[in-house]
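> Here it is: the structure, laid out below.
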Amino acid sequence: MALPGLALLLLFHYLPLLGNLIAFQEYLPFVPLGRSAWVGLDNFAVIFNGDAEFLNALKNTLLITLVQVVFVFPAPIALALLLNSLLSERIKRVVQSVLYLPHFLSWVIVIAIFQQILGGSGLINNFLRSHGMGTIDFLGNPDGFIALLSSQVIWRDTGWGTILFLAALTQIDPGLYEAARVDGASRWRQLWHVTVPGIRGLIILLLILRLGDSLTVGFEQIILQQNLVGRPASEVLDTYVYNNGVLAGQWGVSAAVGLVKGLVGVALVIGANKIAHIFGEAGVYQK
Amino acid sequence: MSVQGIDDGPATSSRVIKGVVLLVCCAVVVVPFLGVISTSVASQRHVTNSGGFVLWPDGLNWDAYKAIFNGGVVQRALGISVVVAAGGTLVSLAGSTMLAYALSRRGSFGQRPILLIVLFSLLFSPGLIPNYLVVKEFGLLDSLLALILPTAISGFNVIVLRSFFMGIPDSVLDSARVDGAGDFRIFWSIVLPLSKAVLAVVGLFYAVGYWNAFFNAMLYINDTSKWPLQLVLRTYVINNTELSSGDLGGAAADQLPPQESIQMAILVVSLVPILIVYPFLQRHFAKGMLTGAVKG
């Protein structure tokens, strides 16, 4: 009974793993797989010799990860704390329903909506124009690209991200608040000494998992907007693989970069899992 | 309820601030939707006068929708997206439930290794280039199957289904077996009917995934006559390619509504299915997510 599902998984998940062999070949698209010449580690040269385009993609990837860990990651925590402090269950539910919604939209829709608001003839620039002010180029500005990406992620996923934190907040023993109040703790002190320690484990866990994904940042999101800001500012490892492999035909080199990225990713996740265990957290392997 | 204590000394000022912050958060989500829908139904004059984006329409004008449902590129893409989402969900549910059921019964053949295969698939992805080559070697380029088969089985959903199936008591299934029911009979007549709620959630998650899939389509489908809606959206809305009457199934001389209205109408069409299933999704997802996360 397991057969159909297992077959699909093997054919489209595990068989492609073997396809990574072309990272060691001079792959030609019209020669049958496995007939191409073996070239050893030649394709990895771009990585180890520090090819400028590759280094740029790596730099952008790490920069985006850093910015998102600092600015995007805390957003759901702040929102969850805010929602949790509401007294009215009904208001809380309405707000949640509204804020969860964008998570279910595709990146194409999210970016189309952003263009309507921030684009040249969008809401904000229309407003500026009609009030005699200059327009702002939000979408084609290479310096603002990471901010644009981050604001899109915040818009789409912050509400959704609160689910786990809200669940963790309900697990906190109400008696702890009682005790803190008796000891004369203000609401801010209760937040600091009871609430934050109560969800610290989850925060650390998710942070470590996020770091395990350091080399993977918003692929669809970036590829959709790349032609507006240009490749120097927006190329990340995933788009590098796509642009140089599928589009420019450098199959072997791109596969090599993809393979190294995948291996580093697995190593980061496993390492992250180890660290999580040190912090006494179990079961990190769910996504 | 449990954390009400945190709000004890009710300071009015902090309540007002909270209210304002939440109101702004909600507005940031709602206002763009409102604008998109308004622009799609506003009159031509209104759209042109306000520079292409309308927050509140001056009336209801369905010209943009009439234009895109004229048998052209948008209507065809909509049909393809519906077929892929419906067919894909069926394939995914069939494959995933059977796999999950087999993994949920103790002592079934090869349970341990198969479970590991499913779990490891969550951990890494093979990479873009090898995926592309496999789809190509199977001759699936420009086939709608390329949009379905590679993403048909989500390890995460299999785990969610499995943990639900494990909650069904063995005694129920044993009594059916005593009555002479075979494995498939038990699965079809007992397990699935008992699992309607989780099937609905997982099915909706798969359906939303297929509906939203953009990158696979861009990668595998070059033939524009097989484009799903997300690619049409990318080309005509994000890249701002002008739609002609010919693209929309009309005569070349036909007068079209403003491009902005047409673009927003395409956007609305791609949003509607999500908005329809959203209430159903919303009712169950928190529970479903947590089952998966806790027991996985």
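Protein sequence lines, in the order shown, are assigned to chains W and U. With UniProt numbering applied, the first sequence covers 1 to 287. With UniProt numbering applied, the second sequence covers 1 to 296. Virtual Cβ for every residue (Gly too), placed ideally from N, Cα, C.
(1) Contact criterion: CB-CB distance below 8 Å. Does A102(U) meet it with respect to chain W?
(2) Return the Cβ separation of G265(W) and T216(W) in integer angstroms, given the expectation that the two are a contact with Cβ distance under 8 Å.
(3) Three or more C-beta pairs closer than 8 Å, one from the segment 192-211 of chain U and one from the segment 128-143 of chain U: is that the case here?
(4) Less than 8 Å separating the beta-carbons of V241(W) and V229(W)?
(5) Suppose contacts are defined by Cβ-Cβ distances below 8 Å. Is L83(W) in contact with L166(W) by that definition?
(6) Do you know offhand how far L173(U)'s Cα is from I114(U)'s?
(7) What is the DSSP secondary structure of A181(U), counted as helix, strand or coil?
(8) Taking DSSP's pairing of strands, which residues face Q25(W) in a bridge?
(9) May I have the straight-line CA-CA distance separating L262(W) from I154(W), to the nearest angstrom?
(10) I want to know whether the segment 20-32 of chain U touches the segment 217-228 of chain U - three or more CB-CB distances under 8 Å.
(11) Taking contact to mean 3 or more Cβ pairs, one atom from each stretch, closer than 8 Å, check whether the segment 267-282 of chain W and the segment 89-103 of chain W are in contact.
(12) For V21(U) and chain W, any beta-carbon pair shorter than 8 Å?
(13) Give the C-beta separation of I48(W) and V208(U) to the nearest angstrom, bearing in mind that I take them to be a contact with Cβ-Cβ under 8 Å.
(14) For a contact meaning CB atoms closer than 7 Å, what does G95(U) contact in chain W?
(15) Output needed in chain order: residues of the segment 97-115 of chain W with a Cβ under 9 Å from some Cβ in chain U.
(16) Could you check the C-alpha separation between L66(W) and S234(W) for me, to the nearest Å?
(17) Which residue marks the beginning of the alpha helix (DSSP H) containing D58(U), and which one marks its end?
(18) Cβ closer than 7 Å: which chain W residues qualify as neighbours of M98(U)?
(19) Find the residues of chain U that neighbour G277(W), judging by a C-beta separation of less than 8 Å, and give them in chain order.
(20) Inspect the beta-carbon positions of P228(U) and S40(U) and report whether they are closer than 8 Å.
(21) Is the shortest distance between the beta-carbon of K18(U) and the beta-carbons of chain W less than 8 Å?
(22) Does G249(W) get closer than 8 Å to chain U when you measure Cβ to Cβ?
(23) Of all Cβ atoms in chain W, is any one closer than 8 Å to the Cβ of S50(U)?
(24) Please report the distance separating the alpha-carbon of Q171(W) from that of R234(U).
(25) Tell me, please, whether the CB atom of N20(W) is closer than 8 Å to any CB atom in chain U?
(26) Can you tell me whether N240(U) is helix, strand or coil according to DSSP?
(27) For a quick check, are the C-beta atoms of L148(W) and Q115(W) less than 8 Å apart?
(28) Could you pull the start and end residues of the alpha helix (DSSP H) that Q115(W) belongs to?
(29) Pick from R231(W), R93(W), W188(W): whose alpha carbon is nearest that of R283(U)?
(30) What ranges does the alpha helix (DSSP H) occupy inside the segment 45-101 of chain W, keeping only unbroken runs of at least 4 residues that lie completely in it?
(31) Going by beta carbon distance, what residues of the same chain come within less than 7 Å of P258(U), once the five residues before and after it are set aside?
(32) Using a Cβ-Cβ cut-off of 7 Å (strictly less than) and excluding sequence neighbours within five positions of residue 301(U), which residues of its own chain qualify?
(33) For T224(U), which of helix, strand or coil comes out of DSSP?
(34) Taking 8 Å as the threshold (C-beta atoms), are V198(U) and I168(U) in contact?
(35) Run through the segment 149-213 of chain W for me and flag every whole alpha helix (DSSP H) of 4 or more residues, listed as ranges in chain order.
(36) By the criterion of Cβ-Cβ separation under 9 Å, what are the contact partners of L211(W) in chain U?
The answer reads as follows:
(1) yes
(2) 7 Å
(3) No, the segment 192-211 of chain U does not touch the segment 128-143 of chain U.
(4) The criterion of a C-beta distance shorter than 8 Å is not satisfied by V241(W) and V229(W).
(5) Going by beta carbons, L83(W) and L166(W) fall inside the 8 Å limit.
(6) A straight-line Cα-Cα distance of about 22 Å links L173(U) and I114(U).
(7) coil
(8) W38(W)
(9) Note on identity: in this sequence residue 262(W) is Gly, with Leu being the wrong assignment. If you take the alpha carbons of G262(W) and I154(W), they lie about 26 Å apart.
(10) Short answer: they don't touch.
(11) no
(12) yes
(13) This sequence places Phe at residue 48(W); Ile is not what is there. Actually they do not touch by this definition, with Cβ atoms about 41 Å apart.
(14) P4, G5, L8
(15) S97, V98, L99, Y100, L101, P102, F104, L105, S106, W107, V108, I109, I111, A112, I113, F114, Q115
(16) 15 Å
(17) Run containing D58(U): none; DSSP gives neither H nor E here.
(18) Chain W residues near M98(U): M1, A2, P4, G5.
(19) Residue identity check: residue 277(W) is His in the sequence provided, not Gly. Those within 8 Å of H277(W) in chain U number zero; the least Cβ separation is about 16 Å.
(20) no
(21) yes
(22) no
(23) yes
(24) 43 Å
(25) N20(W) counts as touching chain U.
(26) coil
(27) no
(28) 107-118
(29) R93(W)
(30) 45-48, 52-67, 74-84, 89-100
(31) Q44, V47, T48
(32) Residue 301(U) is absent from the structure shown; chain U starts at 1 and stops at 296.
(33) helix
(34) Not in contact: I168(U) and V198(U) (Cβ atoms no closer than 8 Å).
(35) Listed in chain order, they are 174-182, 187-190, 196-212.
(36) The contacting residues do not exist; L211(W) stays about 15 Å from chain U at best.
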